[in-house]
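Chain order of the listed sequences is A and B.
Counted the way this note's numbering counts, the first sequence spans residues 28 to 251.
Counted the way this note's numbering counts, the second sequence spans residues 407 to 629.
These notes concern the structure reproduced below.
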Amino acid sequence: MGEEVKLFRTWSSPFALRIVWALKIKGIEYETVFEDLSNKSPLLLQYNPVHKKVPILVHNGRPIAESLVILEYIDETWKQGPLLPKDPYERAMARFWAKFGDDKVLTSIWSVFIKQGKEQEEALVATMENLKFLEEEMKGKKFFGGERIGYVDLALGCLANLISIFEEIVGLKIVDEEKLPLFYSWMQNFAEAPIIRDNWPPRDKMIVKFQALLDAAIASSSSS
Amino acid sequence: MQDRPQIEEGMEKESEVVLFGKWSSGYCTRIELALKLKGIPYEYVEEDLSTKSHSLIHRNPVHKKVPVLLHNGKAIAESLVILEYIDEHWNHAPKLLPDDPYERAKVRFWPNFCDQKFQPCAHNIMITKGEEQEKAIENFWQVLKVFEEEGLERDFRTKSPFLNGDTLGYLDIVVGSIACNFEAFNEAVAEVLNLQQNHAFYSWVTALKDCSLMKEMLGYLTQ
Numbered sequence: 028m029g030e031e032v033k034l035f036r037t038w039s040s041p042f043a044l045r046i047v048w049a050l051k052i053k054g055i056e057y058e059t060v061f062e063d064l065s066n067k068s069p070l071l072l073q074y075n076p077v078h079k080k081v082p083i084l085v086h087n088g089r090p091i092a093e094s095l096v097i098l099e100y101i102d103e104t105w106k107q108g109p110l111l112p113k114d115p116y117e118r119a120m121a122r123f124w125a126k127f128g129d130d131k132v133l134t135s136i137w138s139v140f141i142k143q144g145k146e147q148e149e150a151l152v153a154t155m156e157n158l159k160f161l162e163e164e165m166k167g168k169k170f171f172g173g174e175r176i177g178y179v180d181l182a183l184g185c186l187a188n189l190i191s192i193f194e195e196i197v198g199l200k201i202v203d204e205e206k207l208p209l210f211y212s213w214m215q216n217f218a219e220a221p222i223i224r225d226n227w228p229p230r231d232k233m234i235v236k237f238q239a240l241l242d243a244a245i246a247s248s249s250s251s
Numbered sequence: 407m408q409d410r411p412q413i414e415e416g417m418e419k420e421s422e423v424v425l426f427g428k429w430s431s432g433y434c435t436r437i438e439l440a441l442k443l444k445g446i447p448y449e450y451v452e453e454d455l456s457t458k459s460h461s462l463i464h465r466n467p468v469h470k471k472v473p474v475l476l477h478n479g480k481a482i483a484e485s486l487v488i489l490e491y492i493d494e495h496w497n498h499a500p501k502l503l504p505d506d507p508y509e510r511a512k513v514r515f516w517p518n519f520c521d522q523k524f525q526p527c528a529h530n531i532m533i534t535k536g537e538e539q540e541k542a543i544e545n546f547w548q549v550l551k552v553f554e555e556e557g558l559e560r561d562f563r564t565k566s567p568f569l570n571g572d573t574l575g576y577l578d579i580v581v582g583s584i585a586c587n588f589e590a591f592n593e594a595v596a597e598v599l600n601l602q603q604n605h606a607f608y609s610w611v612t613a614l615k616d617c618s619l620m621k622e623m624l625g626y627l628t629q
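This is the structure we're talking about:
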């Protein structure tokens, strides 16, 4: 019996990338459906009526939404190359750090990118505090998952690419190798890992996209 | 306020389960519901968040918030993370989450919706009056419609009377107390629910309110 796995995504969504990585790490065959979020397909609206967003994983016709929920589904359904540890306490720690990544780290780094002046300075301070916790977590480890890439690495992974893109666009250092040596190394190790390296979205397209977002944000804040 | 065994700082033993909480926090209620449901004995430490105890900051240095569960000397924070830990470590019945991965994915989808949509709705209805409150209630109706159609009537249509079947589960615990609040609003604050239109929601909340564990934890509802 064949398994049918489809991934609804956009070319740049960092949340969808988590799923691409997980499927490739586990060697799962799947079909990609690219969505244009300005013109959402009827299937997208049918599969994720609540949020109308990507990524959506459709497995044998059954849709799953929310990227961290999808990661857990993938890990529970396909047992090879486990993403989460076995021990309940270790699993709790992994889920905690992934949530911390989404709720705090990504938010503060986004603010550093999109805000100006005092708000940007405050966001930089918050980012440093947040990243220091992750620095502490990296002690004695190559990846957050240990020797191998795991759930937390996939959850935080987009940072390994986005941070340097943001730094280039706004001309600010967000991750200083001297202040955050372990986190800095993790970013290099993760970005260069075979499956990860081959699946980054094109950097030039990313620069154009995020520059446009920043220009729009500046325009709307100066006209209000 | 319930009677709970109180312990002093520094007295926590390695093998005990200790919950750091605040009586008014819905996030802490979630954990107590889960522990009681599973029959797990625990010690409770009430935190005054204006003067955070040395213990709390030590146990949850990242967020400095409650709830924090301490088990075998190890601390776990974030209510949803704690709930899954409880279900995985004490994996006897009643199970908080279903066994099937797809059913689990359906359950795990909804807490963010609850926290991002239901919670603000509840807050806005409570703090506004007149026209502003009418708008807040309209907003709530739209959110409720989504929860009823995609949650109660689609994802959990085979589960009754609770979202987990015949025992309370993860999602009943996470969304349940907020849901009961809306029913209380109906009587005390403003008409936010319609029995005919919101039949599915009413059935579920009625089952929650009839459940002895919910009555015990959400004591104010029976007043």
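Ideal placement from N, C-alpha and C gives every residue a C-beta, glycine not left out.
What you are looking at is a predicted structure, and each value in this text was computed from that prediction instead of being measured.
*By the 10 Å Cβ neighbour count, where 16 or more other Cβ atoms means buried, how is Asn-226 of chain A classified, buried or exposed?*
By the neighbour-count rule (16 or more Cβ atoms within 10 Å), Asn-226 of chain A is not buried but exposed.
*Would you mind stating whether Ala-596 of chain B and Glu-554 of chain B have Cβ atoms separated by less than 9 Å?*
Not closer than 9 Å, so no.
_Which listed residue (A:Ile-245, A:Ser-94, A:Ser-65 and A:Glu-195) has its alpha carbon closest to that of Leu-50 of chain A_ = It is A:Ser-94 whose Cα lies nearest to the Cα of Leu-50 of chain A.
*Roughly how many whole angstroms lie between the Cα atoms of Trp-48 of chain A and Pro-500 of chain B?*
Going from the Cα of Trp-48 of chain A to the Cα of Pro-500 of chain B covers about 35 Å.
*Are the C-beta atoms of Thr-104 of chain A and some chain B residue less than 9 Å apart?*
Under the 9 Å criterion on CB atoms, Thr-104 of chain A is classed as interfacial with respect to chain B.
_Can you pull the chain A neighbours of Asn-518 of chain B, defined as C-beta to C-beta under 8 Å?_
Glu-93
*Beta-carbon neighbours of Val-595 of chain B, restricted to chain A and to distances below 8 Å*: Simply none; closest approach about 26 Å.
*Interface residues of chain B around Tyr-100 of chain A at Cβ under 9 Å?*
Pro-507, Tyr-508, Arg-510, Ala-511 and Arg-514
*Please specify which runs of the alpha helix (DSSP H), each continuous and at least 4 residues long, are wholly inside the region 446-489 of chain B, giving them in chain order.*
460-465
*Measure the Cβ-Cβ separation of Leu-84 of chain A and Ile-46 of chain A and say whether it is below 9 Å.*
Against a cut-off of 9 Å, the Cβ pair of Ile-46 of chain A and Leu-84 of chain A comes out as a contact.
*Rounded to whole angstroms, what's the CA-CA distance from Met-233 of chain A to Cys-527 of chain B? Just pull it up for me.*
36 Å
*Beta-carbon spacing of Val-487 of chain B, Tyr-448 of chain B below 9 Å*: no
*Assign Thr-435 of chain B to buried or exposed, taking buried as 16 or more other Cβ atoms, counted over all protein chains shown, within 10 Å of its Cβ.*
buried
*Cβ-Cβ distance between Ile-223 of chain A and Ala-187 of chain A below 9 Å*: yes
_Terminal residues of the alpha helix (DSSP H) in which Leu-158 of chain A lies_ = 144-164
*Measure the C-alpha to C-alpha separation of Gly-54 of chain A and Lys-33 of chain A and round it to an integer number of angstroms.*
It is roughly 14 Å from the alpha-carbon of Gly-54 of chain A to the alpha-carbon of Lys-33 of chain A.
*With 16 as the cutoff for other CB atoms within 10 Å, does Ser-40 of chain A come out buried or exposed?*
buried
*Around the C-beta of Ile-437 of chain B, are 16 or more other C-beta atoms found within 10 angstroms, so that it is buried, or is it exposed?*
Residue burial is scored here from C-beta neighbours: Ile-437 of chain B has at least 16 other C-beta atoms within 10 angstroms and is therefore classed as buried.
*C-alpha gap between Asn-75 of chain A and Ala-92 of chain A, whole angstroms*: Rounded to whole angstroms, the separation of the alpha carbons of Ala-92 of chain A and Asn-75 of chain A is 7 Å.
*What residues in its chain sit with their C-beta under 7 Å from that of Ala-150 of chain A, if we drop five residues either side in the sequence?*
Answer for Ala-150 of chain A: Ser-135, Ser-138, Val-139 and Lys-142, listed in chain order.
*Shorter than 9 Å from the beta carbon of Tyr-116 of chain A to some beta carbon of chain B?*
yes
*Along the chain, where does the beta strand (DSSP E) that runs through Gly-427 of chain B open and close?*
423-427
*Taking a cut of 7 Å between CB atoms, which residues from the region 74-92 of chain A lie near chain B?*
Pro-76, Val-77, Arg-89, Ile-91 and Ala-92
_Under 8 Å: do the region 555-566 of chain B and the region 615-624 of chain B share three or more Cβ pairs, one atom per stretch?_
no
_Whole-number beta carbon distance between Phe-160 of chain A and Asn-216 of chain A, since they are thought to touch under 8 Å_ = 19 Å between Cβ atoms; not a contact.
*asked:* Quick check: Ile-492 of chain B and Leu-502 of chain B, are their CB atoms within less than 9 Å of each other?
replied: yes
*asked:* For Leu-240 of chain A and Tyr-178 of chain A, which I take to be in contact (beta-carbon distance under 8 Å), what is that distance rounded to the nearest angstrom?
replied: Not really, about 28 Å apart at Cβ, beyond 8 Å.
_For chain B, check one thing: does any of its Cβ atoms lie closer than 9 Å to the Cβ of Phe-123 of chain A?_
yes
_Checking the sheet assignment: what are the DSSP bridge partners for His-86 of chain A?_
DSSP lists A:Val-32 and A:Arg-89 as partners of His-86 of chain A.
*Stretch pair the region 528-539 of chain B + the region 584-595 of chain B: three plus CB contacts closer than 8 Å*: In short, these stretches touch, since the Cβ pair count reaches three.
*Among B:His-498, B:Lys-428 and B:Ser-461, which residue has its Cα nearest to the Cα of Gly-445 of chain B?*
B:His-498
_Quick check on Thr-628 of chain B: does DSSP put it in helix, strand or coil?_
Interpretation of Thr-628 of chain B is limited by its pLDDT of 44, a score under 50 that renders its predicted location unreliable; the figure taken from the coordinates is listed afterwards. In this structure, Thr-628 of chain B counts as helix in the three-state DSSP scheme.
*asked:* Below 8 Å on C-beta distance, what does Val-96 of chain A contact in chain B?
replied: Ala-511, Arg-514 and Phe-515
*What residue from A:Phe-42, A:Ser-65, A:Gly-88 and A:Lys-80 has the CA that sits closest to Glu-58 of chain A's CA?*
A:Gly-88
*Return the first residue and the last residue of the beta strand (DSSP E) that Glu-58 of chain A is part of.*
Per DSSP, Glu-58 of chain A belongs to the beta strand (DSSP E) from 58-61.
_Just to confirm the assignment: which complete alpha helix (DSSP H) runs, minimum length 4, are found wholly within the region 199-243 of chain A?_
208-219 and 221-224
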